[in-house]
Amino acid sequence: MKPPSFEYFAPTTLDEAVALLAQHGDEAKVAAGGQSLVPMLNLRLARPAALVDLNRVTGLDYVRAENGHVVIGALARQRAVERSADVAARQPLIAAAIRLIGHPAVRNRGTVVGSLAHADPAAELPAVAVALGAEMVVTGPNGERVVAADDFFVSYLTVDLAPGEVLKEARFPALPPRTGWSIVEVARRFGDFALAGAVATLTLDDQGAASDVRVALFGVADRPVRVPEAEQVLRGERPDDDRIAAAAEAARAALVDPPSDVHASAAYRRHVAGVLVGRALREARERAQASG
Ligand code: FAD
């Protein structure tokens, strides 16, 4: 199908983009890599009257290390972030998550920030943002505000962005020392959106106990979810196999009402979520131990 007609704008500065978005209110949509937006337009699931294309805005394609964070601008393509030396050195979980997204052709155009703004509940990067406690920097007609990832993801394809606002950048905290990480998922075919997935990070203290542990799930609710029930089982404890099995069981039990569809039942998603949390925690523990 072809998209319904819309007015097209290609601003060259962020201020101009914000002014155009403010002018058109909730009738306008931002376009970044177009990898989610264009299919939605073609299927007529989105019908904006105005499209504000960010691609000609200069200076938004940065990936940089700054104040203990990896900072990713709105036009940094997933492929560039996947290959960034700063990301590899400071937060390799981001690159691992991107490798699970679609195929190289999708990642060549798709942006990290676009994936966060799109907020598909089965997407990898929003779950990474929630697990790491990333910050979203939002620019709008009233200036800039910073939103914690936990508050940013509201519901299915819905984030804390008002009409007129653009997600300018995402700030991911760098991996602390003695921290391991993992992202694992089950998808019908490689490159498909996950039926369920888990992200984990685990920090070990000098005694080998878990001083910090973070677990997030994707594909099992209307947004990415942190799983404090699983984290509590491990915090302050040595992460041996029994403890990790108990954390995985806690994650499974905490999952009250996962979605059911033609691809997977709620019961299947709950079971797989528990299995993936166990797998992710074991892999994170191994990486933490190997890091010295
Ligand atoms: P666009 O498509 O341009 O925009 C998406 C939405 O976000 C739109 O509503 C747009 O208005 C909004 N938006 C974008 N940027 C901003 C901004 N800076 N500020 C405010 N709003 C903004 N994703 C996965 O996570 N996992 C997968 O396995 C996966 N597989 C895919 C397979 C295929 C075949 C395809 C085509 C896509 C797949 N994707 C997958 C989606 C891909 O990651 C998209 O690139 C991403 O979701 C959106 O990024 P984009 O830059 O293309 O955004």
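To convert a position in the sequence shown, counted from 1, into my numbering, add 25.
Yeah, the Cβ is synthetic: ideal placement off N, Cα and C, and Gly gets one too.
(request) Look up A225 in the DSSP assignment and say whether it is helix, strand or coil. (result) Looking up residue 225 in the sequence shown gives position 200. When secondary structure is reduced to three states using DSSP, A225 falls in the strand class.
(request) For M161, count neighbouring C-beta atoms within 10 Å of its own C-beta (all shown protein chains included) and say buried if the count is 16 or more, exposed if not. (result) The residue labelled residue 161 in the question sits at position 136 within the sequence shown. With 16 or more Cβ atoms within 10 Å of its Cβ, M161 is classed as buried.
(message) On the CB-based measure, 16 or more other CB atoms within 10 Å of its CB, does K27 come out buried or exposed?
(response) Against the sequence shown, residue 27 aligns to sequence position 2. Exposed, since its Cβ has fewer than 16 Cβ neighbours within 10 Å.
(request) Report, in whole angstroms, the separation of the C-beta atoms of P151 and Y181, which I expect to be a contact under 8 Å. (result) Taking the sequence shown and counting its residues from 1, the one referred to as residue 151 is at position 126. Taking the sequence shown and counting its residues from 1, the one referred to as residue 181 is at position 156. Between Y181 and P151 the Cβ distance is about 11 Å, and since that is not below 8 Å, they are no contact.
(request) Using only alpha-carbon positions, find the residue among A174, L62, T226 that is nearest to L186. (result) Along the sequence shown, one-based indexing puts residue 186 at 161. Closest option to L186, judged by alpha-carbon separation, among A174, L62, T226: A174.
(message) Using only the alpha-carbon positions, how far apart do L118 and L76 sit?
(response) As a first step, residue 118 is located in the sequence shown; it is residue number 93 there, counting from the start. As a first step, residue 76 is located in the sequence shown; it is residue number 51 there, counting from the start. Each residue's Cα considered, the two are about 32 Å apart.
(request) Starting from I208, follow its DSSP beta bridges and name the residues at the other end. (result) The residue labelled residue 208 in the question sits at position 183 within the sequence shown. DSSP, once it has assigned bridges, lists V224 as partnering I208.
(request) Spell out the partners DSSP gives K54 in its beta bridges. (result) Position 29 of the sequence shown holds residue 54. Partner(s): L76.
(message) The alpha helix (DSSP H) that contains R263, what's its start and end?
(response) Taking the sequence shown and counting its residues from 1, one reaches residue 263 at position 238. Segment: none, R263 is in no alpha helix (DSSP H) and carries neither H nor E.
(message) Taking its Cβ as the centre, do 16 or more other Cβ atoms sit within 10 Å of S24, making it buried, or is it exposed?
(response) Since the first residue of the chain shown is 26 and the last is 317, residue 24 is not available in this structure.
(message) Can you find the residues in the same chain that come closer than 8 Å, C-beta to C-beta, to D51, ignoring five residues on each side of it along the sequence?
(response) If you number the sequence shown from 1, residue 51 lands on position 26. Non-local C-beta neighbours of D51 in its own chain, meaning closer than 8 Å and more than five positions away in sequence, comprise P188, ordered along the chain.
(request) Would you list the one or two residues that DSSP bridges to T136? (result) Numbered from its first residue, the sequence shown carries residue 136 at position 111. Assignment of beta-bridge partners to T136 by DSSP yields R102.
(message) Which of the three DSSP states is assigned to A313 in this structure?
(response) Residue numbering aside, residue 313 sits at position 288 when the sequence shown is read from its first letter. In this structure, A313 counts as helix in the three-state DSSP scheme.
(request) Could you spell out where the alpha helix (DSSP H) holding R115 opens and where it closes? (result) The residue given as residue 115 occupies position 90 in the sequence shown. Counting along the chain, the alpha helix (DSSP H) containing R115 begins and ends at 110-115.
(request) To the nearest angstrom, report how far apart V82 and A42 are at their CA atoms. (result) Sequence index remark: in the sequence shown, residue 82 carries index 57 (1-based). Sequence index remark: in the sequence shown, residue 42 carries index 17 (1-based). Those two C-alpha atoms are separated by around 8 Å.
(request) Can you check DSSP and say which residues form a bridge with L192? (result) Residue 192 sits at position 167 when you count from the first residue of the sequence shown. The partner list for L192 (beta bridge, DSSP) reads V163.
(message) What would DSSP say about V302, mapped onto helix, strand or coil?
(response) Taking the first residue of the sequence shown as 1, we reach residue 302 at position 277. Note: V302 maps to helix in three-state DSSP.
(request) Look at the alpha carbon of A223 and the alpha carbon of E32, and state the distance between them as a whole number of angstroms. (result) Locating residue 223 in the sequence shown gives position 198, counting from the first residue. Locating residue 32 in the sequence shown gives position 7, counting from the first residue. Separation of A223 and E32 (C-alpha to C-alpha, rounded to the nearest whole angstrom) is 40 Å.
(message) Taking 7 Å as the limit between beta carbons, can you name the residues of its chain near L68, skipping five residues before and five after?
(response) Locating residue 68 in the sequence shown gives position 43, where the first residue counts as 1. Answer for L68: M26, listed in chain order.
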